[in-house]
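Everything below concerns the one structure shown next.
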Amino acid sequence: GAGVSQSPSNKVTEKGKDVELRCDPISGHTALYWYRQSLGQGLEFLIYFQGNSAPDKSGLPSDRFSAERTGGSVSTLTIQRTQQEDSAVYLCASSQQLNTEAFFGQGTRLTVV
Amino acid sequence: DQQVKQNSPSLSVQEGRISILNCDYTNSMFDYFLWYKKYPAEGPTFLISISSIKDKNEDGRFTVFLNKSAKHLSLHIVPSQPGDSAVYFCAASYNAGNMLTFGGGTRLMVKP
């Protein structure tokens with residue numbers, strides 16, 4: 001597609017439920033990143049995929065968070081047993097392997113009630 | 114430990130004047146720096162970048178300055194326009210293609 005696409009754009013879920021957030025990166029981009037922005041905060045790195053290498057999971061805040069990238073393209077971020085502090089805008093970005101300019105999707109606003 | 118810091122959470126500037134947004138970093142391995150702009154309810158969009166081999170990069174009204182010895186970069190917007198009102202994030206990386214480390218952002222408000 002023309003840009004990074006994320007779905008859903010908004011998600012309201014009850015505390016304790018699991019959620020899945022989807023990211024379709026720009027075609028041909030081998031690097032894919034997940035960030036989140038909590039209210040009034042900056043961009044917090046979560047996880048990073050680069051080609052076929054093992055993902056860099058160093059930013060995941062807890063073991064309730066996981067992400068996968070199937071076929072080197074679409075990525076899913078899963079949050080299990082959601083908590084209210086998980087409420088944030090989750091942003092996905094992709095970039096070409098040798099290009100550090102990352103293009104962001106519009107984000108998924110997650111609200112845990 | 115924040116490797117990229119934007120110490121001013123907000124900045125207010127009159128239309129037509131210069132906006133200067135600052136960013137400091139601690140990791141001397143960073144060799145590529147970027148500025149992103151973010152409007153509410155949208156993802157960040159790339160604005161301008163600079164490689165560590167340069168000390169200045171200009172694109173229209175936007176200029177980024179890099180001072181490697183001070184580990185400091187700044188974004189200048191001249192002249193500022195009301196449409197520039199947004200949150201600006203600086204970001205840094207090393208080894209092209211690696212993850213970007215973002216600062217906390219500065220909210221710029223340009224008053225008409």
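Residue numbers (my numbering), protein chains in the order written: chain A, 1 to 113; chain B, 114 to 225.
Each residue gets a CB set at the ideal place from its N, CA and C atoms; glycine is no exception.
When the Cα atoms are used, Q37/A and W148/B turn out to be separated by approximately 17 Å. The beta-carbon of A93/A is placed less than 9 Å from the nearest beta-carbon of chain B. Under the three-state reduction of DSSP output, D197/B falls in the helix class. At a Cβ-Cβ threshold of 9 Å, Y35/A and F215/B count as neighbours.
A straight line joining the alpha-carbon of R69/A with that of K118/B spans about 30 Å. Contacts between M212/B and chain A, judged by CB atoms closer than 7 Å, involve Y33, F45, Y48 and D56 in chain order.
Counting the other CB atoms within 10 Å of its CB gives Y201/B a total of 16 or more, which places it among the buried residues. For V112/A, the enclosing beta strand (DSSP E) begins and ends at T108 to V112.
Counting only Cβ-Cβ distances below 9 Å, G28/A has no contacts in chain B at all, with the closest Cβ about 13 Å away.
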